[in-house]
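The numbering of the sequence shown is my numbering, which starts it at 1135 and goes up by one.
Note that the Cβ used here is the ideal one computed from N, Cα and C, for glycine as well.
Nothing here was measured: the structure is a model prediction, and the numbers come from that model.
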Amino acid sequence: MKKMDYQNVRGTQDFLPEQEVVRRKIRRTLEDTFILYGCKPIETPMINYTDLMASKYGGGAEILQEMYTLTDRGERELALRYDLTIPFAKVVAMNPGLAMPFKRYEIGKVFRDGPIKAGRFREFTQCDVDIVGVKSQAAEAELMMMAVNAFEKLDVNIFIQYNNRKLLYGILQVLEVDEQKMNRVILVLDKMEKIDRMTLAKELTELGISQKSLKNIESFLDAAPTLSYFETFQDENNFIKQGVAEVHELMDYLNALNIAQTCIFNPFLARGLEIYTGTIYEIFLADGVIKSSIGSGGRYDNAIGGLIGTDEEFATVGISFGLDVIYTALELAGKIEGKPTEIDIYIIPIGTEKQALQLASSLRKEGNRVEVELGGKKVRKAMEKANRENVSKIIVLGEDEIAKGKYGLRDMKTGDIEEKSLTY
């Protein structure tokens, strides 16, 4: 028989126990933080109708190129979700009775047929929080505070960059960029820190914008604009007026929460997704070991109403953390130790498997994590395994221990042995 050549699909991977234990600790840390902020869990399907995921309230042209599509036996056009945002918007649209404000979190797999790099795969896990029903910047501030808290617990130093899409739309109007090309111009500006100015100008030219608009954009980039730069255009552009007011409101909240030093206004931050309507933000590692963001989000007030088919706005803001990229960040920073300890007590039976299982059952009822050696290892080999896997304590259970009704609980760090009564 020909041996099968086993390999993972490109952009996917297996996680063995020592990796998955760490990943689950990251996940629990994030989930515990979400719960502390009053968020409620939901779960949505991985498979959705293509029309939903490809709607104009979805990820935009760039994301749609990376969407995995398929058909079922009924020849319905389906797609794997590329994020958790649109499936969540669908949930709110389908459940008008939800009490507002509604704060939800979801942790799940998403799929994108995109470029592969450090911490970025084609199948990956996102950890999302969204708030519906809060119009003020208090919602954005709370999510940014949540991010700071979560990464403090993970012992990861981060900073957050933020901007407002209204400032971008408004300034592009002032710079006389064709309305039909604004979203594509924003997509190019979103690459500012990844490509040089010559390449940026080339990509803008390829969009077919006028030479006048191109010169205006280059002047804008040369100006190294601050918030005060945008304030000079408030009287002539309503988008800029609204954007400036929202940024000031957000800054007030960030100052009140004592995280203003961690959160930096970046006038060039664009967030490529067309769904965003207001505040946007991205989370970066302070040490720069990974250049791309490890979390992001923003306000998208039009998506839910658009899915329902109404002009009504549903004030919605969200944040997303990438579990895989956080794991990679911890790994690159050397913060992932060897074998994590997952077992409190390891029982090595010597011809006493039945009694060992009974003892293990009793110890588990006391809250201990217990493994019984059932592979027939000799004591020496079993001890080597205990050392290798950082087991805290071991019990060698032979016929003598059974006869005496007592056993020794050995501390693997100190070597001390505590005598215990054998109870089942």
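Quick one: grab the DSSP three-state call for residue i.
| i | result |
| --- | --- |
| P1151 | helix |
| T1203 | strand |
| R1161 | helix |
| L1464 | helix |
| P1483 | strand |
| Y1541 | strand |
| G1075 | No answer is possible for residue 1075: the residues shown for the chain start at 1135 and end at 1558. |
| A1213 | strand |
| L1091 | With the chain covering 1135 to 1558 only, the question about residue 1091 has no answer from this structure. |
| S1362 | helix |
| E1552 | strand |
| R1144 | coil |
| S1270 | coil |
| Q1368 | coil |
Would you mind sorting residue i into buried or exposed? The rule is 16 or more other CB atoms within 10 Å of its CB.
| i | result |
| --- | --- |
| I1181 | exposed |
| T1548 | exposed |
| D1166 | exposed |
| V1156 | buried |
| M1499 | A quick correction: the sequence has Lys, not Met, at residue 1499. Classification of K1499: exposed, given that the 10 Å Cβ count is below 16. |
| D1324 | buried |
| Q1199 | exposed |
| D1140 | The amino acid occupying residue 1140 in the given sequence is Tyr; Asp does not appear at that position. Label assigned to Y1140: exposed. |
| G1510 | exposed |
| M1187 | buried |
So, for residue i: in the same chain, excluding its five sequence neighbours on each side, which residues have a beta-carbon less than 6 Å away from its beta-carbon?
| i | result |
| --- | --- |
| K1269 | A1449 |
| K1174 | R1238 |
| F1367 | V1308 and I1374 |
| E1505 | I1477 and Y1480 |
Roughly how many whole angstroms lie between the Cα atoms of residue i and residue j?
| i | j | result |
| --- | --- | --- |
| G1172 | R1162 | 15 Å |
| K1237 | I1176 | 10 Å |
| A1272 | L1466 | 34 Å |
| Q1376 | D1369 | 11 Å |
| L1491 | P1151 | 23 Å |
| T1259 | L1457 | 6 Å |
| G1429 | G1242 | 15 Å |
| G1542 | L1493 | 13 Å |
| Y1202 | Y1216 | 8 Å |
| H1382 | F1255 | 37 Å |
| Y1296 | E1487 | 60 Å |
| I1438 | I1220 | 9 Å |
| K1328 | F1402 | 12 Å |
| Q1395 | F1285 | 15 Å |
| V1290 | S1427 | 13 Å |
| D1534 | R1514 | 18 Å |
Whose C-beta lies closer than 7 Å to the C-beta of residue i among residues of the same chain, with five residues either side of it excluded?
| i | result |
| --- | --- |
| E1365 | V1378 |
| T1557 | S1496 |
| A1520 | Y1480, I1528 and M1546 |
| Y1303 | M1316 and F1373 |
| S1555 | G1539 and K1540 |
Could you tell me if the beta carbon of residue i falls within a distance shorter than 8 Å of some heavy atom in the ligand MG?
| i | result |
| --- | --- |
| F1258 | What this structure holds is no ligand at all, so the ligand MG is not there to describe. |
Please list, in chain order, all residues of the same chain as residue i whose beta carbon is under 8 Å from its beta carbon, the five residues on each side excluded.
| i | result |
| --- | --- |
| L1341 | K1315, R1318, V1319 and V1322 |
| F1354 | I1305 and L1309 |
| L1338 | V1319, V1322, L1348 and I1351 |
| R1503 | E1476, I1477, D1478 and I1479 |
Sufficient close CB pairs (3 or more, under 8 Å) joining the stretch 1261 to 1278 to the stretch 1438 to 1452: yes
task: Check whether the stretch 1383 to 1400 touches the stretch 1276 to 1286, taking contact to mean three or more Cβ pairs, one atom from each stretch, closer than 8 Å.
output: yes
message: Within 8 Å, do at least three Cβ pairs link the stretch 1522 to 1535 to the stretch 1478 to 1491?
response: yes
- prompt: Can we say the stretch 1417 to 1429 touches the stretch 1223 to 1234, given the rule of at least three CB pairs closer than 8 Å?
  reply: no
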